[in-house]
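Residue numbering for the sequence shown follows the numbering used here, beginning at 13 and increasing consecutively.
Ideal Cβ placement from N, Cα and C applies to all residues, glycine included.
Structure record follows, encoded as C-alpha cells.
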Amino acid sequence: MRSPISFRSTDANEQPITRQILRHLSVAFITAGILATLFTAWTPASLNPGELANQFAAALEGGAPENGPSAFVPSAPEETELRIGLVIGHSGINPNTGEGDPGSVCEDGLTELEVNTNVGYLTAQALEAAGLQVDILEEFDSRLFEYRAVALVSIHADSCIPINDYATGYKVVSALDTVVPDKSQRLVDCIIDRYYRATDLNFHAGSITRDMTEYHTFREIHSQTPAAIIETGFLYLDRDFLTSQPEKAARGIADGILCYVNNEPASLPWETTP
C-alpha cells in the first residue's frame, strides 16, 4: 500500500531524516490498524483487557506487514480464550481413598457416573461442533490446579433414592466465594435458562446444598475462571429422561455455555418447585 504522503529529498544528508520520519509514520499507521482490529473483535466473554494488551504487544513484535496496515491479519486468539472445561462428576480415582467413586447408585446398579459420563461427552461434542476447545476432566484431575478457561462446568446427577414427588428437576450454582461473581452468575443464569428450554425440567432451587456451593473444584481452579456445577436431574424420578434422552441434557448444558461465551441474554423462564 502506497503512503498518501511522500517526501522528496534534495540533499543526501536529509535522506536518513526522511527515512526516519517515514518509519515513524509507518509504525503509527500499523499501531492504529492493530488497535482498531482488536477493539472491533473484542467481546467481554472472550477477551479481557490484559489479554488485549498481550495480543497487541505480540502483533508489534511480529514486525510490520509487507503491504502496510491494510494487510494486517490478527493472530489466532490464545487457547484459553476458546477453552471450556467439563468435569465428569465422580470420574477417575479419589486420591483420598485411592479408589473410584461412582456417585449415587440405583438399586439395579445404574450409577451417577454412567449418566455423568454420557451427558458430559455429548456436551463436549456439541461444544466442539460449535468451534470451542474442550477439556474433559476427571473429578480430581491434576490439571484442575490453577486451571484457566473461558468457563468450567462440572456435570453431576442427583440422588436415586425415592424422596418424594417433588424430587425432580435440575439445579445449577456457582461458588459462594468467587472473585468473578458477575461472570460466574451470568454463566449460571445462562445454563439455567438454556437447560430449561432444552429439557422442560423444573429448576429445583430448594435442594441446592453446601456441597454444591463449596464444591472442591471451585477452590482448585484459577480464581479468574468462572465455574458452575449442575445436577442434571434426579436419578430416581428423572431416570427415564437422563438415560433415554441424554442428548437433550447435553444440549441444554452446551447451549448454556454458548449463551455465556456469546454474551447472550438469559431470561430464566422456569417455575421453581418446592
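Taking its Cβ as the centre, do 16 or more other Cβ atoms sit within 10 Å of residue i, making it buried, or is it exposed?
i      : result
Gly143 : exposed
Thr221 : exposed
Phe230 : buried
Pro258 : buried
Asp250 : buried
Glu151 : buried
Ser256 : exposed
Ile173 : exposed
Ser154 : exposed
Pro238 : buried
Gly101 : buried
His228 : exposed
Measuring only the C-alpha atoms, how far is residue i from residue j?
i      : j      : result
Ala71  : Cys118 : Residue placement at Ala71 is flagged as unreliable, the pLDDT there being 35, under the threshold of 50; the coordinate-derived value follows with that caveat. Taking the straight line from one Cα to the other gives about 56 Å.
Phe41  : His234 : Note on Phe41: pLDDT 49, under 50, position unreliable in the model; no value is reported.
Thr211 : Gly264 : 7 Å
Ser125 : Gly132 : According to the sequence as given, residue 125 is Leu; it is not Ser. Using only the alpha carbons, I get a separation of about 10 Å.
Gly181 : Asp205 : 13 Å
Asp189 : Asp201 : 17 Å
Leu149 : Leu247 : 22 Å
Ala187 : Gln197 : 9 Å
Ile242 : Glu276 : 20 Å
Leu94  : Glu140 : 10 Å
Would you mind stating whether residue i and residue j have Cβ atoms separated by less than 9 Å?
i      : j      : result
Val185 : Ile96  : no
Asn128 : Thr244 : yes
Ala6   : Leu98  : Any property of residue 6 remains undetermined from this structure, which presents the chain solely from 13 to 286.
Gly115 : Thr109 : no
Gly268 : Tyr207 : yes
Leu156 : Glu232 : yes
Asp177 : Tyr159 : no
To the nearest whole angstrom, what separates the beta carbons of residue i and residue j, a pair I think is in contact under 8 Å?
i      : j      : result
Val165 : Ala240 : 5 Å
Tyr272 : Leu213 : Rounded, the Cβ-Cβ distance is 20 Å, inconsistent with contact.
His216 : Lys260 : Not quite, the Cβ-Cβ distance comes to about 17 Å (not below 8 Å), so this is no contact.
With a threshold of 8 Å on Cβ separation, who are the neighbours of residue i within its own chain once the five nearest residues in sequence on each side are excluded?
i      : result
Ser171 : Ser116, Ala179, Phe246, Leu247, Tyr248
Ala136 : Leu98, Val146, Ile148
Leaving aside the five residues before and after residue i along the sequence, list all residues of the same chain whose C-beta is less than 7 Å from its C-beta, in chain order.
i      : result
Leu270 : Ala142
Residues in the same chain with beta-carbon distance under 6 Å from residue i, minus the five sequence neighbours each way, listed in chain order, please.
i      : result
Asn130 : Pro258
Thr225 : Val185, Leu188
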